[in-house]
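Take the sequence shown: its letters are residues 2 to 194, numbered as in our numbering.
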Amino acid sequence: MLHLQSESTDRWLAQVDQNLADVLIDHAHCERKAASTAMNLMNSYTDNRALCVEMTRIIQEELEHYHLVLDVLDQRGIPFRRLASGHYGRELNALVRPSEPERAIDRLLVASLIEARSCERFRRLAEHVRDRDPGLADFYAGLFESEARHHTTYVKLAEQYAERDVVVARLDQLSRDEADIIAKGSELARMHS
């Protein structure tokens, strides 16, 4: 369903255990960036009405999630602040081809993979903290469905720019590249480190 080629490692869960505040702060930034990505896609492809309609829905949901994460930070007494970005999004976006319609396809598929990885991480995080922090586990379990829906939406929208088999082949390639990027890990404790 999520088109991922790998599972998150125990190394990432150890980073979560040691740096939960940073991971939560980064999650808020991720939701903001996801809304921004959807807005950028809407601006780039204003002639695609179906895409614009879906992007407005995603923007609204991502901003709702942003505020929900800010509430979690407030409840835990964690001040929201700027964080250095990890390499994940930057490296994925570097894979986007420069010419249209391939550019549109890649931008949508990269967004779909980021949503898929978020979904997978939310599930892992919820399972990992269930016994010691059921409130946080419930919070992350509750986000799973919308993130999975966003992933599917982005893939379907990419199919407006090429035949399904072309999109699936490109998604498979990008998914392999995404697995390589996530396998590198990061010294920074981030949602996608």
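For glycine and all other residues, C-beta sits at the position ideal for the given N, C-alpha and C.
Since the structure is predicted, the reported quantities are computational estimates derived from the model, not experimental observations.
Query raised in the report: What are the complete beta strand (DSSP E) segments, minimum 3 residues, inside the stretch 14-42?
Result: none
Query raised in the report: Does the pairing of the stretch 51-71 with the stretch 82-90 give three or more beta-carbon distances under 8 Å?
Result: no
Query raised in the report: Which residue's Cα is closest to the Cα of residue 160: 51, 47, 3?
Result: 51
Requested in this report: Over the uninterrupted alpha helix (DSSP H) stretch that includes residue 135, give me the two end residues.
Outcome: 135-159
**Report entry** Inter-stretch contact (C-beta, 8 Å, three-pair minimum) for the stretch 58-78 and the stretch 32-43
**Finding:** yes
Query raised in the report: In chain order, what residues of the same chain have a beta carbon less than 6 Å from the beta carbon of residue 59, not counting five sequence neighbours either side?
Result: 39, 151
Report task. Can you tell me which of the three DSSP states residue 176 falls into? Result -> helix
Query raised in the report: With contact counted as at least three CB pairs below 8 Å, one residue from each stretch, are the stretch 171-183 and the stretch 100-120 in contact?
Result: yes
Query raised in the report: Distance, Cα to Cα, residue 131 vs residue 146?
Result: 18 Å
Query raised in the report: Is it right to say residue 82 is buried, meaning 16 or more other beta carbons lie within 10 angstroms of its own, or is it exposed?
Result: exposed
Query raised in the report: Which value, in whole angstroms, describes the spacing of the CA atoms of residue 127 and residue 188?
Result: 22 Å
Query raised in the report: Beta-carbon separation of residue 69 and residue 140 under 9 Å?
Result: yes
Requested in this report: For residue 133, count neighbouring C-beta atoms within 10 Å of its own C-beta (all shown protein chains included) and say buried if the count is 16 or more, exposed if not.
Outcome: exposed
Query - Rounded straight-line distance, which links the Cα of residue 8 to that of residue 171 - result: 20 Å
Query - Among 138, 22, 157, 185, nearest to residue 75 - alpha-carbon criterion - result: 22
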